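One structure is given here, and the rest of the page talks about it.
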Ligand code: PGA
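Residue numbers (this note's numbering): 55 to 300.
Structure, rendered in structure tokens:
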């Protein structure tokens, strides 16, 4: 495992919450779970809410992340956002290759590789998402699909995998309420770990909720979770942050 002491709990707000709603959510979260000492909480709001969330979490334990970035640092790329800008707003993390970007926006492994390289260069920690679809799992192709995503995504930068966080997010579990069983998550995490000589940090994502977090985090192989829908509900996300070790 990476020399990270605290488990990561990341909340991906996706395209939810305008700035005022974001401020309300973060303020509620700070009251409910702002002082949990041994958890690294990362809030990943939409770009338009980064300034307000950044301001709200100044001098708190919460960290900030962006949902995506372009591989170039600046230029004629209308509608895109530079990782340099994310950093300037206080982001320490950035999501790269989320399944919604791969499957809805058509992002390729090659583009993901370029983004991961740029993030390394500018000092943002990528949360690099990989995962199989339901069909790929049914066809027993989970290992092949993830191995390929890792190979292409980390082309020329495999040696720097310890500076990246990998998130295993089975596509069939995202936003569906169908969580992978701890067993299924652990199998894939172990398969990923076997592919690297260096220790890697691996999060699980896909319908993580208040009522399954304790069982998931009981698995030593999970270094944390990437939470979507449940991170929009302050009480529920606070309970996830405060998960209990059985
Ligand atoms: P979910 O989303 O928790 O709503 O399944 C996870 C994610 O997309 O990162």
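Heads up, the beta-carbon is just placed ideally off N, CA and C, and yes, glycines get one too.
Computed from a predicted structure; not experimentally measured.
Residue side-chain check: residue 230 places its Cβ nearer than 8 Å to a non-hydrogen atom of ligand 1. At least one heavy atom of ligand 1 lies less than 8 Å from the C-beta of residue 227.
Remark: C-beta atoms of residue 267 and residue 219 do not approach each other more closely than 9 Å. Here the alpha carbon of residue 126 sits roughly 30 Å from the alpha carbon of residue 113. From the listed residues 102, 62 and 73, the smallest Cα separation to residue 91 is found for 62. Between ligand 1 and the CB of residue 281, the shortest heavy atom gap is smaller than 8 Å. Beta-bridge partners of residue 182 (DSSP): 150 and 220. With a cut-off of 8 Å, the C-beta of residue 261 is classified as near ligand 1, since at least one heavy atom of the ligand falls inside that distance. With contacts defined as CB atoms closer than 9 Å, residue 204 and residue 225 fail to qualify as a contacting pair. Cβ contact annotation for residue 94 (same chain, cutoff 6 Å, sequence separation greater than five): 60 and 62, in chain order. Annotation: residue 82 is outside any beta strand (DSSP E); the continuous alpha helix (DSSP H) that includes it extends over 73 to 87. In the displayed model, residue 114 falls within coil according to three-state DSSP, outside both helix and strand. A Cβ-Cβ distance of about 16 Å is found for the pair residue 171 and residue 147, leaving them out of contact under the 8 Å criterion. Rounded to the nearest whole angstrom, the C-alpha separation of residue 101 and residue 78 is 16 Å. Between the region 151 to 161 and the region 130 to 138, the count of Cβ pairs shorter than 8 Å is below three; the stretches do not touch. Scanning the region 265 to 289 for uninterrupted beta strand (DSSP E) segments of 3 residues or longer gives 278 to 281, listed from N- to C-terminal end. Annotation for residue 95: the continuous beta strand (DSSP E) segment containing it runs 94 to 98. For residue 68, the CB falls within less than 8 Å of some heavy atom of ligand 1.
If only uninterrupted alpha helix (DSSP H) runs of at least 4 residues are considered, those enclosed by the region 165 to 211 are 188 to 192 and 196 to 207.
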